[in-house]
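Take a look at the structure below.
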């Protein structure tokens with residue numbers, strides 16, 4: 001889920017429209033183009049003030065979590081995500097490159113194409129969920145029905161910000177709608193704490209839970225996970241702890257306040273597990289003074305603005321593969337991604353447990369690739385003779401064929417994560433393995449470090465590790481002595 005490279009101020013808007021730094025011809029964000037920490041605080045608060053986290057709290061309630069247990073699961077999920085997100089953000093800020101362009105240097109052509117496909121599919125899955133949820137909210141507020149048709153239309157129209165560079169709705173969401181919904185959720189939670197008896201708040205809503213607590217933590221990780229963090233943080237300052245403040249503030253909003261708000265929606269409305277739309281209608285009546293139109297505006301603006309990030313993730317993945325074609329323009333990629341998003345959105349209602357499926361794959365697939373890239377750039381130079389510069393960005397022809405240890409590590413981690421979360425085809429239940437996303441990331445990192453260390457000792461190391469042609473032929477970096 002990364003933001004468009006444009007912001008609300010006129011100067012930065014113009015720069016973003018002229019160049020989004022997403023192709024190998026000029027794909028590194030200069031230090032002079034980096035944004036302030038305030039920019040990222042505002043951005044991540046907007047991303048956190050979304051209906052995904054309300055839906056997460058709603059699902060926790062349906063699974064039998066008490067309010068305290070729901071907030072604890074969200075908070076622990078935030079801490080787990082932070083373990084991954086800080087090095088992932090540093091990878092972007094230190095290199096100035098998109099996630100997709102980094103994969104070209106680190107994974108080679110085959111690996112980069114596979115990761116770009118993951119970028120497109122995961123972001124399309126979140127787009128499908130978001131616009132189906134928005135159509136459900138419209139139905140809950142106004143009884144419109146036609147959820148599939150409305151969601152598909154929204155998915156097609158949602159590309160407009162990325163296609164035309166229009167940022168008015170994004171700025172509107174960031175500086176007005178996001179603060180409004182935060183105040184609304186704060187009021188909802190406080191009013192709910194007053195109106196709901198204390199023993200009800202502490203108890204399981206259904207007398208028992210159907211979701212293990214650690215699985216709930218994994219669900220929170222998947223809900224907050226983007227996987228392409230370098231896309232956003234390449235515009236940040238290259239210091240490891242620099243993103244900590246924006247992350248902490250965003251998590252306090254999304255995975256604490258909004259999770260609590262979603263739990264309150266379910267408890268106060270006594271809605272069933274599939275009645276998020278009616279629950280939202282009740283919540284507007286209960287805590288937004290019955291202003292249905294305002295509830296619709298808030299939901300629409302936030303969902304569209306947040307999905308700019310999903311589209312941007314898809315576009316960057318597509319640009320990595322298609323951007324070098326003669327005559328190809330970024331708007332061509334925008335149209336392709338809009339069509340893909342429409343197909344995913346149409347299919348989403350047919351997917352059983354769609355939210356859990358999208359959040360599950362989101363928590364393991366792209367993060368595993370980012371962990372491998374972090375190990376490649378930050379750990380391998382300390383453990384082995386492997387030093388892989390990622391500047392200049394290689395063209396497709398100049399990139400290596402494949403980083404086979406990296407690809408094997410990612411596939412192994414994703415296979416484990418899919419099995420651990422019960423996502424594999426034909427799987428009827430998931431084993432009790434703890435916080436599966438964390439374990440999948442660890443497998444990806446350890447497996448890659450081990451395979452790369454073994455490979456680095458061979459005569460064909462540069463080829464097997466997918467080094468770009470100019471590095472193999474000119475620098476031979478794998479053969480450099482340790483400490484060089």
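Numbering (UniProt numbering), first residue to last: 1 to 484.
The beta carbon of each residue, even a glycine, is placed where N, CA and C say it ideally should be.
- Ranked by how close their Cα comes to the Cα of residue 297, the residues 88, 142, 248, 224 have 142 in first place.
- Remark: C-beta atoms of residue 317 and residue 186 do not approach each other more closely than 9 Å.
- Residue environment for residue 223: buried (at least 16 other C-beta atoms within 10 angstroms of its C-beta).
- Straight across, the Cα-Cα distance linking residue 34 with residue 98 is about 14 Å.
- Measuring C-alpha to C-alpha distances from residue 383 to each of 411, 452, 407 identifies 452 as the nearest.
- For residue 465, the beta-bridge partners assigned by DSSP are 403.
- Nearest neighbour of residue 434 by Cα position, chosen from 131, 241, 417, 127, turns out to be 417.
- When the alpha-carbon of residue 306 is set against those of 178, 463, 71, the nearest one is in 178.
- Residue 247 and residue 459 have their C-alpha atoms some 43 Å from each other.
- Annotated as distal: residue 369 and residue 405, with beta-carbon spacing of 9 Å or more.
- Annotated three-state conformation of residue 422 is coil, per DSSP.
- Under the 8 Å Cβ criterion, the stretch 285 to 301 does not count as touching the stretch 120 to 132, having fewer than three qualifying pairs.
- For residue 266 against residue 58, the beta-carbon gap comes to about 5 Å, under 8 Å, which counts as contact.
- In the three-state reduction of the DSSP assignment, residue 455 falls in the helix class.
- Take residue 96, set aside five residues on each side of it, and the residues of its chain with a beta-carbon closer than 6 Å to its own are 28, 29, 234, in chain order.
- The alpha-carbon of residue 155 is positioned some 17 Å away from that of residue 355.
- In this structure, residue 402 and residue 218 do not form a Cβ contact; the two beta carbons are roughly 30 Å apart against a cut-off of 8 Å.
- With fewer than 16 other Cβ atoms inside 10 Å of its own Cβ, residue 290 counts as exposed.
- Counting only the Cα atoms, residue 259 lies some 22 Å from residue 40.
- Taking the C-beta atoms as reference points, residue 125 is found no nearer than 9 Å to residue 276.
- Distance check between residue 470 and each of 397, 422, 436 places 397 closest, using alpha-carbon atoms only.
- Approximately 16 Å separates the beta-carbon atoms of residue 444 and residue 122; this is outside 8 Å, ruling out the contact.
- Non-local beta-carbon contacts of residue 128 in its own chain, meaning distances under 6 Å to residues more than five positions away in sequence, involve 344, 345, 348 in chain order.
- Assignment of residue 47 by DSSP, reduced to helix, strand and coil, places it in the helix class.
- Annotation: residue 320 to residue 100 spans about 6 Å, alpha carbon to alpha carbon.
- By the neighbour-count definition (other C-beta atoms within 10 Å, threshold 16), residue 293 is an exposed residue.
- For the 9 Å CB-CB criterion, residue 81 and residue 251 form a contact.
- Our two residues, residue 50 and residue 105, have alpha carbons roughly 34 Å apart in a direct line.
- Ranked by how close their Cα comes to the Cα of residue 194, the residues 264, 437, 352, 114 have 264 in first place.
- A straight-line Cα-Cα distance of about 44 Å links residue 55 and residue 387.
- Between the beta-carbon of residue 229 and that of residue 85 there is about 6 Å, and that keeps the pair under the 8 Å contact cut.
- Our two residues, residue 225 and residue 232, have alpha carbons roughly 13 Å apart in a direct line.
- In the three-state scheme derived from DSSP, where H, G and I count as helix and E and B as strand, residue 385 is classed as coil.
- Residue 315 is a Cβ neighbour of residue 330, given a cutoff of 9 Å.
- The continuous alpha helix (DSSP H) containing residue 126 extends over residues 99 to 142.
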